[in-house]
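S.K.:
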Amino acid sequence: MKLLLRIYPRRWRERYGDELLALLEAEPLTWRVRADVVASGLRERLCGTVPPQGLVLWAWSVFVIGGMGFQKTSEHWQVVVAANDRAVPTVAFDVVQAAAAIGSAAVLAGVTLALPSFVRDLRSGGWSRLRRPILIASATTLLAAAALVAVALHHDIVAASIFVVSAVFSLFAWTHAAALAARRVAKVRAHAPLALTVVATMIVMMVGAAVWFAAVNAHAPSFVGAAQLAVTATFMLAGTALATTGVRSLRA
Amino acid sequence: MNDPGLLILTSLSSGPKHGHALLLDIDSFAGVRLGPGTLYGAISRLEERGLIEPLAADDRRRPYRLTAAGTTELADSLAAMRQIVDTATSRLAPVT
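Chains as they are written, first to last, in the numbering used here: chain A, 5 to 256; chain B, 8 to 103.
1. Given this structure, state the Cα-to-Cα distance separating residue 89 (chain A) from residue 204 (chain A), to the nearest angstrom.
2. Against chain A, with Cβ distances strictly below 8 Å, would residue 26 (chain B) count as a contact?
3. Whole angstroms are fine: how far does the CA of residue 12 (chain A) sit from the CA of residue 189 (chain A)?
4. So, residue 232 (chain A) versus residue 73 (chain A), is the Cβ gap smaller than 8 Å?
5. Have a look at the DSSP bridge pairing and note the partners of residue 79 (chain A).
6. Taking the beta strand (DSSP E) that residue 126 (chain A) belongs to, which residues open and close that run?
7. Count Cβ pairs between the region 37-52 of chain A and the region 77-89 of chain B that sit closer than 8 Å; are there 3 or more?
8. Can you find a C-beta in chain B that's less than 8 Å from the C-beta of residue 30 (chain A)?
9. Apply the 10 Å Cβ neighbour rule to residue 210 (chain A) and answer buried if 16 or more other Cβ atoms are within range, or exposed otherwise.
10. At a Cβ cut of 8 Å, what residues of the region 28-49 of chain B count as close to chain A, listed as they run along the chain?
11. If you measure from the beta carbon of residue 4 (chain B) to each beta carbon in chain A, is any gap under 8 Å?
12. Per DSSP, which one or two residues make a beta bridge with residue 6 (chain A)?
13. Please work out which residues of its chain come closer than 8 Å, Cβ to Cβ, to residue 141 (chain A), disregarding the five sequence neighbours upstream and downstream, and give them in chain order.
14. Can you give me, in chain order, the residues of the region 53-82 of chain B that have a beta carbon less than 7 Å from any beta carbon in chain A?
15. DSSP state of residue 31 (chain A), grouped into three classes?
16. So residue 47 (chain A) packs on residue 249 (chain A), CB below 8 Å; how close in whole Å?
17. For a contact defined as C-beta to C-beta under 9 Å, what are the partners of residue 62 (chain A) on chain B?
18. I'd like the ranges of any alpha helix (DSSP H) spanning at least 4 consecutive residues and lying wholly in the region 110-173 of chain A.
19. Alpha carbons only, please: which of A:6, A:15 and A:14 is nearest the one belonging to residue 27 (chain A)?
20. Check the Cβ of residue 136 (chain A) against every Cβ in chain B and list those closer than 7 Å, keeping chain order.
21. To the nearest angstrom, how far is the alpha carbon of residue 94 (chain B) from that of residue 45 (chain B)?
22. Is it a yes or a no for the region 55-71 of chain A touching the region 104-114 of chain A, going by three-plus beta-carbon pairs under 8 Å?
23. Against chain D, with Cβ distances strictly below 8 Å, would residue 194 (chain A) count as a contact?
24. Helix, strand or coil: which one does DSSP assign to residue 11 (chain B)?
25. Which residues in the same chain have their Cβ closer than 8 Å to the Cβ of residue 19 (chain B), if we skip the five residues on either side of it in sequence?
26. Along the chain, where does the beta strand (DSSP E) that runs through residue 71 (chain B) open and close?
27. Tell me whether residue 144 (chain A) is buried or exposed, calling it buried when 16 or more other Cβ atoms sit within 10 Å of its Cβ.
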């Protein structure tokens, strides 16, 4: 049972660990109880270290990876689907793109609203806390840019792999820096509805992507690989789950 | 109606209780069996918001009680729910 409690952050364990342990000893330790403790522990770990706004930013970044997977998967799909059968996948694809634009606008709006508080924090010594993560993010961005140039010049598979890895790392590094900054940003009332908009657009994109896949798969069963589909769906689901946790924390 | 925080505030409105007593009481009046992790997650958030406060621990079991802010929060939530219930009841009346 003590092992289960290790999932919780140390500070939380020090305060509530004994009480939770006493309660677990008084209750039958079923799989439902174990799952509840694991899920709650993960939630405390996530929400205890990352502010709700940071969670939404992380969620968007994770979802973007899924979106990139969908974008790559759907390249040249018109070639394998006859013109008469393109109506449904075309609408589904357009819906995904429209939802992506709205979701991105909501994220940008949230960031813009936090800027005044962010600038105030920078002026009062916040830069020293952010300098290292921003330098790392900048370095990974430069590496990704260099790899992209190499891909453009040489069409090299190694450079392409370096580009993909460094681009993902760069996205996560910037998100980490932004989430750190969000810790000290004042609460903005509009963040809750904006985060809810982000979740809604994620759900629309997942539904749109699923409809697109079903429609294309009906005409070209081998066009989308199982691995591509699994990776895209995993990132999209994980992003949506994270964003939902962020929204719940923002509204609490 | 099964928000853990609201269920805990409702349970504590009849007096201080520790974790296990809260679980049993909530089960008896709401028919909801909260998981231990869910219960303590909600307790920590309520305490953080100043809606409940801990009392002296009895061995490893620590009772909690409502604060003045918690009582106000519970009253506000119940008033909001009552308004919804009244609206739904009046709208359903012509149907039934």
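By construction, the Cβ of each residue, glycine as well, lies at the ideal position given by its N, Cα and C atoms. Computed from a prediction, not measured in an experiment: that's the story for all the values here.
M.R.: In terms of the structure at hand:
1. 28 Å
2. yes
3. 25 Å
4. yes
5. Beta-bridge pairing links residue 79 (chain A) to no other residue.
6. Per DSSP, residue 126 (chain A) belongs to no beta strand (DSSP E) and is neither H nor E.
7. no
8. yes
9. buried
10. 30, 42, 43, 44, 45, 46, 47 and 48
11. Residue 4 (chain B) lies beyond the stretch modelled for chain B, which goes from 8 to 103, so this question has no answer here.
12. In DSSP, residue 6 (chain A) forms no bridge with anything.
13. 174, 177, 178, 180 and 181
14. 67, 68 and 69
15. coil
16. 7 Å
17. Near residue 62 (chain A) there are no residues of chain B at all, since even the closest Cβ is about 20 Å away, more than 9 Å.
18. 131-158
19. A:6
20. Ordered by position in chain B, no residue passes the 7 Å Cβ test against residue 136 (chain A), which lies about 29 Å from the chain.
21. 31 Å
22. yes
23. Reference to chain D is not applicable here, since the protein chains of this structure are A and B.
24. helix
25. 29, 59, 71, 72, 73 and 77
26. 71-73
27. buried
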